[in-house]
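K.L.:
My structure is below; once you've seen it, I'll send some questions.
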Amino acid sequence: MELTETQEQRLVDEGYLHLRNIVPQPLINKALQAINMSLGKGMNEKDMTTFSSQSFTPELCESPAICDLLKKSPLWDLAESAIGKGKIINEDRAQIALRFPQASDSSKELTPHIDGIHTPDNGVPKGEIWNFTMLVGIALSETKVPYSGNFVLWPRTHESYANHFKEHGTDDLLNGLEGMPSVTLPEPKHVLAKPGDAFFVHYQVGHTCAVNLSPHVRYGTYFRLQHKDHDAFKVEAMTDLWCGWDGINRPR
Ligand SMILES: O=C(O)CCC(=O)C(=O)O
4 MELTETQEQR
14 LVDEGYLHLR
24 NIVPQPLINK
34 ALQAINMSLG
44 KGMNEKDMTT
54 FSSQSFTPEL
64 CESPAICDLL
74 KKSPLWDLAE
84 SAIGKGKIIN
94 EDRAQIALRF
104 PQASDSSKEL
114 TPHIDGIHTP
124 DNGVPKGEIW
134 NFTMLVGIAL
144 SETKVPYSGN
154 FVLWPRTHES
164 YANHFKEHGT
174 DDLLNGLEGM
184 PSVTLPEPKH
194 VLAKPGDAFF
204 VHYQVGHTCA
214 VNLSPHVRYG
224 TYFRLQHKDH
234 DAFKVEAMTD
244 LWCGWDGINR
254 PR
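Numbering (the working numbering), first residue to last: 4 to 255.
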């Protein structure tokens with residue numbers, strides 16, 4: 004199974020691709036069962052900020068129940084068709100991203116980030132950038148309307164940030180001297196998803212998570228896939244966006 008030309012073009016243009024109903028229900032059930040069994044054992048309130056920023060149920064991040072969502076579903080062939088067969092690393096670890104309901108007067112502010120830039124809670128050391136090739140999100144629960152813990156992204160910002168880095172360089176970001184570069188942002192897009200939907204997202208697309216004003220917990224997982232040679236071009240990839248996407252016809 005490979006990405007079609009139309010899907011590839013959408014990924015290149017918009018920076019992301021929504022793949023509907025791509026992960027079979029038995030794999031979703033297995034993942035949810037493992038997560039809920041772990042939640043049933045209880046959590047410490049003091050861990051919530053770190054879990055929210057890094058991963059809930061951390062003992063499951065490398066478990067078959069979670070990793071099979073990628074490796075045993077059609078997503079794996081599709082990911083290899085984008086990055087290259089035998090070229091993907093970091094497929095054996097995922098973030099378990101739960102977004103719990105919040106009070107109805109909570110802020111609806113949406114601020115984009117790109118991953119791998121130091122914050123006090125995300126585990127990335129100051130002065131380093133942990134960029135990668137493709138974010139793969141998998142929905143394990145439904146987000147029917149905006150502000151229900153949706154994955155939110157700003158389409159095409161992979162290019163806006165690349166243009167910013169071409170003009171201003173990447174040193175400030177790499178040295179932790181600058182927060183997110185200031186670029187003109189399009190309207191944010193709240194992804195409305197059903198369990199089993201997945202999204203392929205270019206590393207450099209600005210994204211965030213919307214506050215969850217619904218009555219339900221939002222369940223999701225994120226894999227951060229890297230081309231196996233990523234370290235050799237990790238800074239270059241911030242301006243040459245399709246470095247490490249061996250299966251994608253690179254736009255000129
Ligand atoms: O939970 C989500 O949907 C998004 C999480 C996020 O923005 C991130 O982990 O970088």
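We treat Cβ as the ideally placed atom computed from N, Cα and C, and that holds for glycine. Since the structure is predicted, the reported quantities are computational estimates derived from the model, not experimental observations.
How would you call residue 77, buried or exposed, if buried means at least 16 neighbouring beta carbons within 10 angstroms?
P.N.:
It is exposed - the Cβ of residue 77 has fewer than 16 other Cβ atoms within 10 Å.
K.L.:
So, using beta-carbon positions, are residue 114 and residue 183 closer together than 9 Å?
P.N.:
Cβ atoms of residue 114 and residue 183: closer than 9 Å.
K.L.:
Under the DSSP definition of a beta bridge, which residues are partnered with residue 155?
P.N.:
Paired residues: 193 and 211.
K.L.:
Judging by CA-CA distance, which residue of 88, 38 and 69 is the nearest neighbour of residue 249?
P.N.:
The shortest Cα separation from residue 249 among 88, 38 and 69 belongs to 88.
K.L.:
Please report the residue range of the beta strand (DSSP E) in which residue 236 lies.
P.N.:
No beta strand (DSSP E) contains residue 236, which DSSP labels as neither H nor E.
K.L.:
With respect to the alpha helix (DSSP H) encompassing residue 116, which residues constitute its N-terminal and C-terminal limits?
P.N.:
Segment: none, residue 116 is in no alpha helix (DSSP H) and carries neither H nor E.
K.L.:
Can you tell me whether residue 108 is buried or exposed, with buried defined as 16 or more other CB within 10 angstroms of its CB?
P.N.:
Exposed, because fewer than 16 other Cβ atoms sit within 10 Å of the Cβ of residue 108.
K.L.:
Curious, which full-length beta strand (DSSP E) runs of at least 3 residues does the segment 4 to 54 contain?
P.N.:
The qualifying runs are 19 to 22.
K.L.:
With 16 as the cutoff for other CB atoms within 10 Å, does residue 255 come out buried or exposed?
P.N.:
For residue 255, the predicted model reports a pLDDT of 44, less than 50, meaning its position is unreliable; a value from the coordinates is still stated below. Residue 255 should be labelled exposed.
K.L.:
What does the alpha-carbon distance come out to for the pair residue 196 and residue 148?
P.N.:
Distance between the alpha carbons of residue 196 and residue 148 is about 9 Å.
K.L.:
Taking the beta carbon of residue 237 as the centre, do at least 16 other beta carbons fall within 10 Å, making it buried, or is it exposed?
P.N.:
Under this definition residue 237 is a buried residue.
K.L.:
Report all residues from its chain with a CB closer than 6 Å to the CB of residue 191; omit the five preceding and five following residues, and keep chain order.
P.N.:
Hits under 6 Å: 113, 155 and 157.
K.L.:
Give me the Cα-Cα distance between residue 233 and residue 247, rounded to the nearest whole angstrom.
P.N.:
Going by the C-alpha atoms only, they are around 7 Å apart.
K.L.:
Compute the Euclidean distance between the alpha carbons of residue 104 and residue 51, then round it to the nearest angstrom.
P.N.:
For residue 104 and residue 51, the distance between alpha carbons rounds to 14 Å.
K.L.:
Output the distance between the C-alpha atoms of residue 142 and residue 207, rounded to the nearest integer angstrom.
P.N.:
Rounded to the nearest angstrom, the two C-alpha atoms are 20 Å apart.
K.L.:
Between the alpha carbons of residue 10 and residue 41, how many angstroms are there, rounded?
P.N.:
Near 36 Å, if we compare the C-alpha coordinates of residue 41 and residue 10.
K.L.:
Looking at residue 212 and ligand 1, is the gap between the Cβ and the nearest heavy atom below 8 Å?
P.N.:
Yes.
K.L.:
Under the criterion of a Cβ to heavy atom distance below 8 Å, does residue 221 qualify as lining ligand 1?
P.N.:
Yes, Cβ of residue 221 sits closer than 8 Å to a heavy atom of ligand 1.
K.L.:
Please identify the residue among 81, 49 and 215 whose C-alpha is closest to the C-alpha of residue 23.
P.N.:
Here the closest residue by C-alpha is 81.
K.L.:
Near residue 161, what residues of its chain come up, given a Cβ to Cβ distance below 6 Å and the 5 sequence neighbours on each side ignored?
P.N.:
Excluding residues within five positions, the ones whose Cβ falls inside 6 Å are 18, 205, 207, 208 and 244.
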